[in-house]
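Per our numbering, the very first residue in the sequence shown carries number 4; after that it's consecutive.
Note that CB positions come from ideal geometry on N, CA and C, so glycine has one too.
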Amino acid sequence: MKNLIQDTISRIKEQHIRPEPRWKFVLRKIGLWILIGLVAFLASASISVVYFLLSQLDWDLYRFSQHNRIFFFFSMVPYFWLILLAIFAAGVFWGVRRTENGYRFNWLKIVAVTVAGLILLGFLLSYIGLDRHFNNVMMKRMPYYANNIETKEKQWMQPEQGFLSGVIKDISKDGLSIRDLDGADWNVEVSEKTFVRPMARIEKGEMIKIIGTKKGGKTFEALEIRPWRGRGEMMMGPGYGRGMMR
């Protein structure tokens with residue numbers, strides 16, 4: 004024991020080792036927690052956007068899709084955000100383990116607290132509307148993201164597949180005239196066989212979603228008409244659908 008102490012003292016003298024000032028230790032500690040907080044925010048933002056993207060889609064359309072149910076569901080998953088979420092969540096876990104007292108806690112407890120905290124913060128960000136903001140920024144600034152993420156607009160702008168959406172411009176005895184999300188005008192044929200959802204308002208200026216069959220040119224035969232906003236979106240306030248138009 005005596006030799007160990009002497010060797011340590013000798014090494015300190017030879018290498019000119021000096022204790023670090025306390026302010027450096029405090030600054031490093033604060034910096035680590037700021038980094039953890041930033042990564043936690045990004046992870047929670049990823050959760051909020053995943054929830055936003057999944058909640059806005061109409062999951063029952065697999066019944067009208069040409070693809071099988073499994074392919075339909077997997078094509079809806081926002082893999083981009085799930086990958087980011089996994090990376091950021093792992094970063095939070097690593098950061099907490101590197102804190103002064105992180106080694107004292109069982110890793111399962113850290114994982115449980117981390118996951119619960121990120122989910123709560125993610126839903127808070129979603130509640131205040133930041134999820135839609137994050138998604139819109141990515142759609143505008145990253146063409147690759149915009150081309151590879153499934154959105155409500157993409158889902159309902161597939162006339163060849165039987166899905167069309169837009170704003171009602173005019174109403175006639177035999178149908179509707181609408182302007183779709185790309186700015187093109189369509190004649191929508193409506194008959195007694197057309198099922199109109201109770202919440203769908205067939206009025207000028209209203210956004211609607213239509214399930215049916217594309218005919219020649221810009222003519223679309225409607226089998227079902229739905230309101231643009233679903234139940235979950237109704238709570239997001241007026242103008243939600245129009246704000247999503249391109």
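Non-local C-beta neighbours of E209 in its own chain, meaning closer than 6 Å and more than five positions away in sequence, comprise I171, ordered along the chain. With a minimum length of 4 residues, the unbroken runs of alpha helix (DSSP H) contained wholly in the stretch 103-170 fall at 110-130, 133-144, 146-151, 155-158. Taking C-beta separations shorter than 8 Å and ignoring five residues to either side along the sequence, the partners of F91 in its chain run V42, A43, L45, A46, S49, following chain order.
The beta carbon of W231 sits closer than 7 Å to those of S168, M210, I211, K212, G244, all from its chain and outside the five residues before and after it, given in chain order.
Pairing I181 with V191 gives a Cβ-Cβ distance under 7 Å. Between F166 and W189, the gap from beta carbon to beta carbon reaches 7 Å or more.
Sequence-distant Cβ neighbours of S129 in its own chain, meaning closer than 7 Å and more than five residues away, are S51, Y54, F55. With a 10 Å radius around the Cβ and a threshold of 16 neighbouring Cβ atoms, L111 comes out exposed. W231 carries a coil assignment under DSSP once its states are collapsed to helix, strand and coil. Restricting attention to T197, K221, G220, K217, the CA atom closest to the CA of I228 is found in T197. The shortest CA-to-CA distance from G34 to any of R66, V99, A225, A89 is the one to V99. Every candidate alpha helix (DSSP H) stretch fails here, since none sits fully inside the stretch 167-215 while reaching 4 residues. Per DSSP, the continuous alpha helix (DSSP H) segment holding Q59 begins and ends at 25-59.
DSSP links F223 through a beta bridge to V191, K217. Comparing alpha-carbon positions, the option among M160, M202, K176 lying closest to D185 turns out to be M160. Cβ neighbours of R135 within its own chain (closer than 7 Å, five residues either side excluded): F55.
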